[in-house]
Every structure is written in C-alpha cells, then in structure tokens.
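Quick note on numbering: the sequence shown equals residues 772 to 1334 in our numbering.
Each remark here refers to the structure printed beneath this line.
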Amino acid sequence: MPLEEEKILDLLVSQNYISQEDGENAKDYVKTQGGSFLDYLFVEGILSKEMFGEAMGEYYRVPYAYFDKVDIDVDVVKMIPELVAFTRKSIPFGISEEGVKIGMMEPDDMEARQIFEKKFGQRVISYYISEEDFEKAMVFYKTDIQEQFKKVLQILDKPLMKREEKDNLVVEIVDMVLQYGHENKASDVHIEPYAKKVLVRFRIDGVMHDVLSLPKDLLESILTRIKILSKMRTDEHRAAQDGKLRFEVNKNKIDVRVSVLPAVYGENVVLRLLESQTGGLSLADLGLSSENFKKVKEAIKNPHGMILVTGPTGSGKTTTLYSILKILNKREVNIATIEDPVEYDIQGITQIQVNSKTNLTFAKGLRSIVRQDPDIIMVGEIRDEETAGIAVNAALTGHLVLSTLHTNDAATTLPRLIDMNVEPFLVSSTVNVAIAQRLVRKICPNCRKSYKLSEEEVSTLEAHRGFKKAVEKLGYKDISRLRIYKGEGCKVCSQTRYKGRIGIYEVLEMSEEVKNLIMAQSSSDEIKKQAVSEGMTTLIEDGLQKVLNGVTTIEELLRVVEE
C-alpha cells in the first residue's frame, strides 16, 4: 500500500535524510501554501530525487532503481501488457541470471510479484521506483505516431467524405501532434509548408527531427484549427500572428506559445510547448555541481543586489531564473517579473508581459514595477542602456534583481554592463553573482557504453588548448588514458544516442579582488583569470567532469563551448 505523506516525512527524518527542522518547515509549507511537502524539499535543494528514492528503498528493503542511470530493456518492458503495468504501478526493465528486474512503486505488493513470476516463469527481483520514473517508463507502451497517423490518413483518402467528418479528423491530427510532442519532450513543434507537402518536425534536446509528412491540402484546415485554439484571426494570411493555447495530457496542463508566419508555400507554424506550472523545476536538478550549487544558494540569500545569468539563446537561462524564483517565492515577500514572453505561470508572483503594441517595454515595465513595492524583481533580459540603468538602481536601493544577458562567459558579463554606461562602482557594488551556462545533451542511459579515445581523437583534443588545460586541472596528465562514454543508439532514444539535456555552469562570485578589477575597468580575461585563481570552475571544466562521469560526450561539450 502507498505510504501516507506524513509517514514518509517522519521516515526521512528518522533515516537522517533531512533534519527535524527541515521536516517541521515542510509541514508548515504544506499548511500555509498547500501542495506537497516533497515539492518544498526538492525545490529548496534539501532533498534530491535520488536521495528520496534511496530512502524509500531502505524502507521497503529493496534496491532503488533510478531510471536516469539504469539500462532499460524496452523488449522486456513490453512483455507485460500496458494495463497490467498501469494498475500494478510496476515496470519490468531487465532480465539477469538472478531473475526479472521489476521496478515497483509499491514493492510490498505481493500479488503483483506473483503475477510477474507467473508471466516470466522466473524469480522476481523487486526495485523501488518513483512515480516520476514510472510515468516516464509508461511512454514505452505508446503506439508509434506514424501508425496512428497512417490510419487517420487512410480514412481521409476515402471518397465522398463529408466536410464535418474531415474537420473531425483534422482536430484529431492536431491533438495527436501536440500529445506526441509532449510525450517525447519536444520543446518546439514546427509545421512547415512546402510545394507538395506539409512537414511536421520536433525539436527534441535542441535538435530538429522530421516526424511526419502530411498532404498539402490539409494545411488550411490545420491552420484554421490552430488559429481558433490560440484565438488568432482565421481570415488573416499575410501578416505574422502570435497566440497561446492550452491542452491537457494525463492531467498535466501544457501551455503552448503559437507563432504563425507567412512563407513562400503557405503559413509556417511554430508551437513552443511549456508546462503551465513550474512544479518540475528545481535548482537541485539542473546540473549544478555541489560547489556551484552552494555559491548560488548563498547569493540568493542576499536581500538586495543582482543575480545575472548569461549564455546564448536556448541555453536554459530562463529555466535557471524560474528555479531560483521557486526558492524565493514566499508569502512574506512581493515578487514581480517583466518578461517577453511569460513562459511559466507561478502562483503568488505578479508576472507582466512585454507588449510592443502598447509600448510596454522592459525599461517602462521595470520602471513601473519599482513603484509597486517589490522585494524581488525578475527582468527577462537586459537589452539596452535604459533597462540596465534601472535594474542596477533597483538593486542598489534594496531590491533583489534577477536577469539575463547575452555574453559568452561569466566574466564578460561585468564589462558588458559597463559598456551599457553603468558606472564601474555600481557594477562592483550591486552584482552578487554571475552565472554562465550552456545545455548539453545527456547520453541515453539505456545504450551508454564506455570506450577508449582513438589516436585521432587524442590529437584533436590535445590541440584544443582549453580542453587540455581542463584535463590537467582535474589531475589527468595523459588525455589518451581517459575513459569516456557514448551512446550506441537504441529504441529508447530513437537511435539518436542522447536522451534529455543538462546544464554546464561557471559561477563567478564577487570577491574584493574581482571588484577592484571592475573598478579599474580591467578586461574580461583579467577578471576570469582572477576568478579561476580563486577557485571558479570554468564551463569547459564543469563539462569535462560530466563527460568523465558518463553524463555527456566530448563532442557535445566541444560543440557548446565553441558556439
């Protein structure tokens, strides 16, 4: 039987996974703000999901199977019908000489064990799995979308089809595209018209994938359906339009930001898929090393100053800011944001959308927010001198300001503010921490294999000055002796060799020496050199550690640090 939440909390305290004080704070959080105490523990960074799984495994006296690190045999998964797996909250994920490995949300379910033993004719080895991992594994049962669409398209080919029947099928196509995109963790769905076809493509883990080819004569109906859902003008075909819609998958509400743009062969549609709530976002799960995590946690304890996150477009800056906001979001503080666009809804925070039509810019919105008595302000991006000036003044007058900039590394962030006509003494006295980040694809855990570098790869890496330096700093004298990992390609990752993404970071703290360099308007290279001498881990060093831990590949690391 599933454990009651209060019993789980007592269990975590008794097993010393959390302190008595943390347990009491979690109870207070649930009483005052509702929700789950686990959300509080995860978001605050008090407990990781892996630690929770280990604690539950100890309680049930079985090992914990963390599916992000476990090899999952999809063929074994599908040996059990989806309905049985769903009702028993159990997933078979591998077979060894000892028996069949079963991940169970309730490992004390003896009836489920008997069902699996009878099915496989072997001994069952129970593992505890979390609800999140169970839901991830259930995706393996999903029917191939190509087969679903094939059936729909065959019906569409029938002669003498009524207009109403055709419209109903187009509704089904749009729903399937959205659902399949969400199930496959697509960040964007592209519907692209060509001369004789319409191509549907998904961006998964930052890479585009061709998913489906549709007949060109369906384009108008699909466009009309999407425009109606996102409250756009259906009779406008020559101007760009933006809108928003919401759909639901397995009780999860998904917000979709819609952009329609006229192209040569028709209107091009891009759908940005966003979780409508930020419950899944946690600073502890973004990929920060323990050292960098501590630095960021210390920085956000300051009641005023600036926290700046930097990196190219699509590097996860907004996700990092939202994760920090989740920690800061308490009833005793007033938080306001100005964003373009508002990507996630956060209860208890005033969120303002930039609107060019009403001349509501970052600068004007920020100026108005300051008059609204905020404690914490998030500015989506510092793009110009006016926004930079207002943000710095807000930080100077007792507000905690979070924002993003487009620079290559953490050290360049500081001279960049000076280039925006912010006085050096203001930069040195207001910036608490500068965080640079990139996103790398994670190796698929199902097909991950270790291998030794070839002579050609060793030569290439030795010629890369930054990489060689990082290897030496981590204590490895010979690149050729490194044992690294890659994916071989499997059904789980659709032969892409990667599954999911994780951040690599460098976190620059404002020491007295760094402040003196800013006051002297020193170059970013000098600032970076000083920060490194004080113990800052660079992007390439943080990424290399993830390579050696088998999280990502050398190719991914070099791709993002050389962007």
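Note that the Cβ used here is the ideal one computed from N, Cα and C, for glycine as well.
Q | Residue burial classification, S1324 (beta-carbon count within 10 angstroms, cutoff 16) | A | In the sequence shown, counting from the first residue as 1, residue 1324 sits at position 553. Looking at the sequence provided, one finds Thr at residue 1324 rather than Ser. By the 10 Å Cβ count, T1324 comes out buried.
Q: Please list, in chain order, all residues of the same chain as S1060 whose beta carbon is under 8 Å from its beta carbon, the five residues on each side excluded.
A: The count along the sequence shown starts at 1 and reaches residue 1060 at position 289. Taken in chain order, the residues that qualify are Y1276, T1308, D1313, Q1316.
Q | Beta-carbon spacing of I873, S897 below 8 Å | A | For the purposes of this step, residue 873 is taken as residue 102 along the sequence shown, with counting starting at 1. For the purposes of this step, residue 897 is taken as residue 126 along the sequence shown, with counting starting at 1. Yes, the Cβ-Cβ distance between I873 and S897 is below 8 Å.
Q) In terms of alpha-carbon separation, which member of I999, S1139, R1209, F857 lies closest to P1083? A) Along the sequence shown, read from residue 1 onward, the residue named residue 1083 stands at position 312. Checked all of I999, S1139, R1209, F857; the closest Cα to P1083 is R1209.
Q) Sorted by chain position, which residues of the same chain lie with C-beta nearer than 6 Å to V1031's C-beta, five sequence neighbours on each side aside? A) If you number the sequence shown from 1, residue 1031 lands on position 260. Result list for V1031: Q1012, E1038, V1040, in chain order.
Q | F838, DSSP secondary structure in three states | A | The sequence position of residue 838 within the sequence shown is 67, counting from 1. Looking at F838 - three-state DSSP - the assignment turns out to be coil, as it is neither helix nor strand.
Q) For G828, which residues of its own chain have a beta-carbon under 7 Å away from its beta-carbon, when the five flanking residues on both sides are left out? A) In the sequence shown, residue 828 corresponds to position 57, counting from 1. These residues qualify, in order along the chain: P834, Y835, Y899.
Q) Looking at the structure shown, is D1006 part of a helix, part of a strand, or coil, going by DSSP? A) Here residue 1006 is taken as the residue at index 235 of the sequence shown, counted from 1. Reduced to three states, the DSSP call for D1006 is coil.
Q: Could you pull out every residue in the same chain whose Cβ sits closer than 8 Å to the Cβ of H1170, ignoring the five residues on either side in sequence?
A: In the sequence shown, the residue the question calls residue 1170 occupies position 399. Cβ within range, chain order: H1075, V1141, P1145, D1146, I1147, I1148.
**Q.** With 16 other Cβ atoms within 10 Å as the buried cut-off, status of Y1222
**A.** Here residue 1222 refers to the residue found at position 451 when the sequence shown is read from its first residue. Classification of Y1222: exposed, given that the 10 Å Cβ count is below 16.
Q | I866 beta carbon near the ligand HEM (any heavy atom closer than 7 Å) | A | With respect to the ligand HEM, the structure offers nothing, as it holds no ligand at all.
Q: Have a look at F887, V1303, R1236 and flag the residue whose alpha-carbon is nearest the alpha-carbon of G870.
A: Stepping through the sequence shown from its first residue, residue 870 is reached at position 99. Nearest of F887, V1303, R1236 to G870, Cα basis: F887.
Q) Which of the three DSSP states, helix, strand or coil, is assigned to S1282? A) Within the sequence shown, the letter at position 511 stands for residue 1282. Coil, per DSSP.
Q: Can you check DSSP and say which residues form a bridge with V1202?
A: As a working note, residue 1202 is residue 431 in the sequence shown. According to DSSP, V1202 bridges with M1077.
Q) Are there 16 or more other CB atoms within 10 angstroms of the CB of E853, so buried, or fewer, so exposed? A) Residue 853 sits at position 82 when you count from the first residue of the sequence shown. E853 is exposed by the Cβ-count criterion.
Q. Taking buried to mean at least 16 other C-beta atoms within 10 Å of its own C-beta, is I1078 buried or exposed?
A. In the sequence shown, counting from the first residue as 1, residue 1078 sits at position 307. Buried, since its Cβ has 16 or more Cβ neighbours within 10 Å.
Q) What residues in its chain sit with their C-beta under 7 Å from that of I999, if we drop five residues either side in the sequence? A) Taking the sequence shown and counting its residues from 1, the one referred to as residue 999 is at position 228. Excluding sequence neighbours, I999 sits near T1005.
(Q) Here's a check: name, in chain order, each residue in its chain whose Cβ is nearer than 7 Å to the Cβ of C1215, leaving out the five neighbours to either side. (A) Taking the first residue of the sequence shown as 1, we reach residue 1215 at position 444. Cβ neighbours of C1215 beyond the five flanking positions: G1258, C1261, V1263, C1264, R1268, Y1269, K1270.
Q) G952 and L1044 look like a contact to me (Cβ under 8 Å); what is the Cβ gap, rounded to whole Å? A) As a first step, residue 952 must be located in the sequence shown, where it is residue number 181. As a first step, residue 1044 must be located in the sequence shown, where it is residue number 273. Confirmed, Cβ separation roughly 6 Å.
(Q) Using C-beta distances below 8 Å, list every residue in its chain close to F838, excluding the 5 sequence neighbours before and after it, in chain order. (A) As a first step, residue 838 is located in the sequence shown; it is residue number 67 there, counting from the start. Excluding positions up to five away in sequence, the list reads F864, G874, I900, D904, K907, A908, P1216.
Q.
For a minimum of 4 consecutive residues, which ranges assigned as the alpha helix (DSSP H) are wholly contained in the segment 1095 to 1169?
A. 1133 to 1141, 1156 to 1167
Q. For E1019, which residues from the same chain have a beta carbon less than 8 Å from its beta carbon, with the 5 sequence-adjacent residues on both sides left out?
A. Within the sequence shown, numbered from 1, the residue matching residue 1019 stands at position 248. Cβ neighbours of E1019 beyond the five flanking positions: I1025.
Q | D799 burial status per 10 Å Cβ neighbour count (16 or more: buried) | A | Walking along the sequence shown from the start, residue 799 turns up at place 28. With fewer than 16 other Cβ atoms within 10 Å, it is exposed.
Q) With 16 as the cutoff for other CB atoms within 10 Å, does G1306 come out buried or exposed? A) One-based indexing of the sequence shown puts residue 1306 at position 535. Result: exposed.
Q | The beta strand (DSSP E) enclosing Q1012, as first and last residue numbers | A | By one-based count along the sequence shown, residue 1012 stands at place 241. Taken as a continuous stretch (DSSP letters only), the beta strand (DSSP E) holding Q1012 covers 1012 to 1020.
Q. What do you reckon, are the CB atoms on V1198 and I1289 nearer than 8 Å?
A. The count along the sequence shown starts at 1 and reaches residue 1198 at position 427. The count along the sequence shown starts at 1 and reaches residue 1289 at position 518. For V1198 and I1289, yes; Cβs fall inside 8 Å.
(Q) Is the beta carbon of R1272 closer than 8 Å to that of V1211? (A) The residue labelled residue 1211 in the question sits at position 440 within the sequence shown. The residue labelled residue 1272 in the question sits at position 501 within the sequence shown. Their beta carbons are under 8 Å apart, which means V1211 touches R1272 by this criterion.
Q | Counted within 10 angstroms of its Cβ, other Cβ atoms place K1022 as buried (16 or more) or exposed | A | Working through the sequence shown from its first residue, we reach residue 1022 at position 251. Exposed is the call here.
Q | Beta-carbon gap between Q817 and D846 smaller than 8 Å | A | For the purposes of this step, residue 817 is taken as residue 46 along the sequence shown, with counting starting at 1. For the purposes of this step, residue 846 is taken as residue 75 along the sequence shown, with counting starting at 1. Looking at the sequence provided, one finds Ile at residue 817 rather than Gln. No, they are not a contact pair.
Q.
Applying the 10 Å Cβ sphere with the 16-neighbour rule, what's the burial state of E1327?
A. Taking the sequence shown and counting its residues from 1, the one referred to as residue 1327 is at position 556. Buried is the call here.
Q: Have a look at R1017 and L1096 and give me their C-alpha separation to the nearest angstrom.
A: One-based indexing of the sequence shown puts residue 1017 at position 246. One-based indexing of the sequence shown puts residue 1096 at position 325. Their Cα atoms are separated by approximately 23 Å.
Q. Quick one: what's T1175 bridged to in DSSP?
A. For the purposes of this step, residue 1175 is taken as residue 404 along the sequence shown, with counting starting at 1. In DSSP, T1175 forms a bridge with V1080.
Q: Can you grab the Cα-Cα spacing for the pair F1238 / L1319, in whole Å?
A: Working through the sequence shown from its first residue, we reach residue 1238 at position 467. Working through the sequence shown from its first residue, we reach residue 1319 at position 548. Spanning the two alpha carbons is a distance of roughly 13 Å.
Q. Whose CA, out of S1251, T1231, A1205, lies closest to the CA of E1280?
A. Position 509 of the sequence shown, counted from the first residue, corresponds to residue 1280. Ranking the options by Cα distance to E1280, first place goes to A1205.
(Q) Could you check whether V895 and K1066 sit closer than 8 Å to each other, using their CB atoms as the reference points? (A) For this step, residue 1066 is matched to residue 295 along the sequence shown. For this step, residue 895 is matched to residue 124 along the sequence shown. Result no, Cβ atoms of K1066 and V895 do not sit closer than 8 Å.
Q) Taking buried to mean at least 16 other C-beta atoms within 10 Å of its own C-beta, is P1033 buried or exposed? A) For this step, residue 1033 is matched to residue 262 along the sequence shown. Result: exposed.
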